[in-house]
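In case it helps, the numbering used here puts the first sequence at residues -17 to 248. The C-beta atom is built at its ideal place from N, Cα and C for all residues, glycine as well. Here the structure comes first, spelled out in structure tokens, and everything after it is commentary.
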Amino acid sequence: MRIATWNVNSVGARLPRLLDWLSTAGPDVVCLQELKCAAEAFPFDAVGELGYEVAAHGTGRWNGVAVLSKVGLTDVRRGLLDEPGYQADDAEAEATEPRAVAATCGGVRVWSVYVPNGREVGHSHYAYKLRWLDALRATAAEELAEPRPFAVLGDFNIAPTDADVWDIAEFADCTHVTEAERKALTALAETGLSEVYPRPLKYDVPFTYWDYRALCFPKNRGMRIDLVYGNPAFTTAVQDSYVDREARKGKGTSDHAPVVVDLELG
DNA sequence: ATGCCAGTTTTTAACTGA
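The structure is reproduced here in structure tokens:
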């Protein structure tokens, strides 16, 4: 089974590139993030023609996640256990956002997640990011009571180590590299998960994100923030994993590249 | 080659992203 995760930065704007990539890479299961469309506006027909069922969770302008599957799609769950919301400065109340959706596909339990950005250390969005990650940990812990292959895939907006950004000196006092964020990843792993570390197709670190600006991609000024965490039943089945940087090339691309995992399930 | 921000809507500016 081939399973992938990709922050597409608008499934509408990315549709031609997405369909092309689905056709050539041929993943069985795909976790998408940053749909930037309402669930009902997802291009179900276009991906349906390629054989995918879809569980979409989106509200419009921001965020949005989905699971696509060619190997069955059941037990869809939208949102985390006791998921916190975000209260914008001008909002009267906090609101939950579409950042997590799960489905069981071909016997594998899959979560597609889009962790809040955090904006700046000390910002209310940063506190929200840490609360959200704790809810993700609690949700994983709850679902890991079952022994089936289980994985959380998505845009974590955290670089696990200093080597996972192009130059740690550029990230002083920045989000994505703080101890608190990394501790949240460790806490998630301590529920019984470990990271699947992908192969880079070029260079030494498999970055998954490069800013659109300032020639970041040609200069390989990237970050490794799209991650895959699996339980032992999942990770022991892994045959290969890589970041498909080819999908970041050319016109009309996302600023993220897909992470692909190949499994041999017993 | 990899090519110098892009996406959305509360649209012609503001906000978000990381």
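Take the Cβ of glutamate 246 as the centre, count every other Cβ of all protein chains shown within 10 Å, and call the residue buried at 16 or more, exposed below.
exposed
Straight-line gap, glutamate 172 to leucine 4 (C-alpha atoms, nearest Å):
33 Å
Where the beta strand (DSSP E) containing aspartate 244 begins and where it ends:
241 to 245
In whole angstroms, what separates the C-alpha of leucine 0 from that of valine 12?
11 Å
Going by the CB atoms, is the gap between leucine 175 and asparagine 213 shorter than 8 Å?
yes
Close beta carbons around aspartate 155, own chain, < 8 Å, minus the five adjacent residues each side
Val103
Give the secondary structure of arginine 60 by DSSP, where H, G and I count as helix, E and B as strand, and everything else as coil.
strand
Inspect the CB distances between the stretch 100 to 120 and the stretch 178 to 190 and report whether three or more fall short of 8 Å.
no
Could you spell out the range, first to last residue, of the beta strand (DSSP E) harbouring glycine 136?
132 to 137
Does the distance from the C-beta atom of glutamate 22 to that of tyrosine 96 stay below 8 Å?
no
Could you check where the alpha helix (DSSP H) with threonine 78 kicks off and where it finishes?
Where threonine 78 is concerned, there is no enclosing alpha helix (DSSP H), given that its DSSP letter is neither H nor E.
Is the CB-CB distance between valine 242 and alanine 85 below 8 Å?
no
Straight-line CA distance for valine 53 to arginine 59?
17 Å
Please report the distance separating the alpha-carbon of glycine 30 from that of valine 36.
8 Å
Quick check: the Cα distance between tyrosine 224 and alanine 239, rounded to an integer number of angstroms?
10 Å
Segments assigned beta strand (DSSP E), at least 3 residues, entirely inside the stretch 142 to 186
none
Across the stretch 137 to 150 and the stretch 229 to 237, are there enough close Cβ pairs to call them in contact, namely three or more that are closer than 8 Å?
no
Beta carbon of tyrosine 211, beta carbon of leucine 170: below 8 Å?
yes
Tyrosine 96 - partner residues in DSSP beta bridges
Asp137
Proline 80 and valine 49 - do their beta-carbons sit closer together than 8 Å?
no
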